[in-house]
Every structure is written in C-alpha cells, then in structure tokens.
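For the sequence shown, the numbering used here begins at 3 and goes up steadily by one. Just so you know, even glycine gets a beta-carbon here, dropped at the ideal spot from N, CA and C. On a predicted model such as this, the values are computed, not experimentally measured, just so you know. Below you'll find the structure, written out as structure tokens, and then a few comments.
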Amino acid sequence: MKWITVCQAQDQFQSSQPYLPSGGILTSRMPSDKSFRGMLFLSLTVVGVPGNITVIVAFLLMIHKESWLLAADAIVLHLACANLLVVLVRCLLEMLASFYMANVFGDVGCKAVIFIYRTSRALSIWLTFLLSAYQCLSIAPPGSSWASARALVAQNLPIVFLFLWVFHTGMSAGAILFSVSSRNDTSLTRSAINVEFCYVNFPSDILKEVYGAVQVSRDVVPMALMILTSLIILVLLYKHSQHLKGLRGAGQAGSGSCGAEQRAAKIVVVLVTMYVVLYGVDNGLWVYTLTVRHTMSSSLISDLRVFFASLYAALSPLVIIASNRKVNSRLRCGTQEKPLHGKTARLRSI
C-alpha cells in the first residue's frame, strides 16, 4: 500500500507540471535560485534608482536656478530618465517578484513591463549615441561645417527627442502582441522565449527570427556609430593636446571652455566603452536565444541579458556624478542653499 501511495503521489506531481511544446517537463527553479536572482536585481535597484534620481534632481535644480540647459546637459537628463525607467520597470519589479513581495506579471503586466523596458532600453542606447555624436561635434574646430551641424542639432533637440520616442515605441510594439504570463504556458509554441515570469510567445520561428534581427539591428547600428564617434573624439583630443604643447602657454584665455569640452568628451568615451561592453554581451546572449529551436525550460540566459543591459542603466549615473562638475556643483549648492537662506533672513531682520 505504501508503494502504491508513493507511485500515485509521483504521478500526481508529474501531471501537475506544465509541459513545454517540445514535450519536456518545465521544472521549477529552486527558491535559492530565485533568491540569488532577486539579490542581483536588488543590487541594480539600490545603485540605479538613487543614482539616476540624483542626476535628474541636479539638472532640475540647474533648470530652476538658470532657467535653461545646454544641449549636452539636456541629453544627459533625458538619458538619466530613460535609465531610471529601465531600472524601475524591470529590476525593481523583478526583484519584488523574486522575493514574493509583489507580482504584477499577469498577461497585462507582462505586456506593459516588457514594452516599457524595450522602449526605455532602446532610448538609453540611442541617447548615448546622440550624446557621443553631439560631443564629437562640440570639440570640432570652430568655424567648420561641424559647428553649424552642432547648432542645428541643438536647435532641433526637442524634435529629435520626439522622433526617438515615437520610433522606438513603434519598434517595441511586438512586446504587446506576443508577451504572455508564465501562468499561461499551456498555450505556448515552440518559438517562445522564457523570461521567468513571462514568455514572449512568437507564432512561428520565422517571425521570431525576423523580430530578433530587427532588435539586434536597433542595437548594432548605434553601437557601430558610437565606436566611430568615440574614435573621432580621441583623435581630436590628441590633435588638440599636440596643438597646446606646440603653443607653449599661448592662448590660455580660452583654455577653460576647451578644457570643459575635453572633460565632457572623455566622459562620453567612458560611457560609450561601458555601453559597448555591456550591451555587446547582452546582444550576444540575445543572438544565442534566437538560435535555440525550442522554448528553454530555464530563464537563465534571459536573466543574464536583462542584468547586463540594466547594469549600464545602473552604473552610468555613477560615472556622470563622479565626473560631471555641473552636477557636483549643483548638488552642493542645493544642499547649502537652505542654511544660507536662513542666515540671510536673520541678517535682514537685524
């Protein structure tokens, strides 16, 4: 009787496990794996949310104080907003679900989270390229045709931002069409992609490959352009340093603005290097996911992709805070303004 009871229990356990379209049993991961996964996303949330909020607050204080922003600063502000969306929508929600604190990943939640994540992620990539291109134009020799191109970009920056939002929103529409909750795994096709709490369920392999190729192209194009602009920036910085050495102290009156532009250009090169490394790993894992001909029982590859892509969104504000003098000075002024205002009021009353 005990043997029969054990066999019946095993049969009931196997029948309760959801089957993949390929015929294998989808085994649930151990709670320790989910805890480790939650800790990874918790680390990104703890670093990325305060960092991006700090950058945003610094530029908002700058707008409040000076009533305007330089074009490069406006791009950095927009980049921080996109990175904050990446960390909040994906890392924070994944962390809460991994620790069983909250779970918004129903069908509607999966569509919304993956759509917003794909859109904000693409915006982060293209805004980094826009920043590198604009900084490349900024350090170009004055009076050249590049200077007029820089002025044209600065004047039409709101239109550029609007175009990027509309373009990438349309490019991410597939997330709304194909994303479903992992609770609905009985209706999956062989072309689904496992992202732990959700699946991206493509109707066919052809559509999966086409959609994947479009997403890879959306990342590879700005990556190639960013590498090109970074190389141009490095060449221009080298020529400028050689020119200053030849002058031997002449023309020091304009060295302040040139030095600020060079510092900004070096920051951009650091951000681009971070982007190429982290998003290169992300896209390599994405290509591997597309080559798998069946739905993977584990979301490990997708978790690594999201981690490396979100790592840029979490670390880039730290680079900006550490190296951008405007952000540092504005944050220091913001913390000192209240005591100064109080002292001024007391002096006036006397």
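What did DSSP end up calling residue i once you bin it into helix, strand or coil?
i: A194; result: strand
i: S126; result: helix
i: L182; result: Per the sequence presented here, residue 182 reads as Val, with Leu not at that position. The answer is strand: DSSP assigns V182 an E or B state.
i: V202; result: strand
i: H296; result: coil
i: M64; result: helix
i: R334; result: helix
i: A252; result: With a pLDDT of 48 at A252, under the threshold of 50, the predicted position of this residue should be treated as unreliable, and no value is reported.
i: F43; result: helix
i: M103; result: coil
i: W70; result: coil
i: G108; result: coil
i: M32; result: Note that M32 scores 44 on pLDDT, short of 50, meaning its location in the model is unreliable; the coordinates nonetheless yield the value given after this. DSSP places M32 in coil when its eight states are reduced to three.
Around the C-beta of residue i, are 16 or more other C-beta atoms found within 10 angstroms, so that it is buried, or is it exposed?
i: R327; result: exposed
i: G286; result: exposed
i: D284; result: buried
i: T47; result: buried
i: G214; result: buried
i: V89; result: buried
i: G258; result: The predicted position of G258 is uncertain, since its pLDDT is 49 and thus under 50; a value taken from the coordinates is nonetheless stated next. Classification for G258: exposed.
i: F61; result: buried
i: S181; result: buried
i: E198; result: buried
i: P143; result: exposed
i: E96; result: buried
i: Q244; result: exposed
i: K67; result: exposed
i: I161; result: exposed
i: A311; result: buried
i: A175; result: exposed
i: Y102; result: exposed
i: N158; result: exposed
i: S69; result: exposed
i: S300; result: exposed
i: S304; result: buried
i: I27; result: Low confidence applies to I27: its pLDDT is 37, below 50, so where it sits in the model is not reliable enough to give any reading.
i: N203; result: buried
Return the first residue and the last residue of the alpha helix (DSSP H) that residue i is part of.
i: M173; result: 159-173
i: L86; result: 73-88
i: A324; result: 302-325
i: S353; result: Residue 353 cannot be examined here, being either before or after the span of the chain that is shown, 3 to 352.
If you check the beta carbons only, do residue i and residue j fall under 8 Å apart?
i: V272; j: V321; result: yes
i: R152; j: L166; result: no
i: I178; j: K113; result: yes
i: Y281; j: M225; result: yes
i: N85; j: S134; result: no
i: A74; j: Q137; result: yes
i: I269; j: S325; result: yes
i: I195; j: T291; result: yes
i: R39; j: V308; result: no
i: I1; j: G53; result: No statement about residue 1 is possible, as the shown extent of the chain runs from 3 to 352 and does not include it.
i: Q217; j: W288; result: yes
i: S183; j: F107; result: yes
i: L79; j: L71; result: yes
i: V274; j: S232; result: yes
i: R220; j: A124; result: yes
i: T56; j: T121; result: no
i: L63; j: R332; result: yes
i: S100; j: F163; result: no
i: I141; j: L238; result: yes
i: S228; j: F169; result: According to the sequence provided, residue 228 is Met. The question's Ser does not apply to it. No, they are not a contact pair.
i: R185; j: H296; result: no
i: I58; j: L87; result: no
Within the 8 Å Cβ cut-off, does residue i reach chain C?
i: F43; result: You won't find chain C in this structure, because it holds only one protein chain.
Within 7 Å: the Cβ of residue i and any heavy atom of the ligand ATP?
i: L132; result: Among the ligands in the structure shown, none appear at all, so the ligand ATP cannot be discussed.
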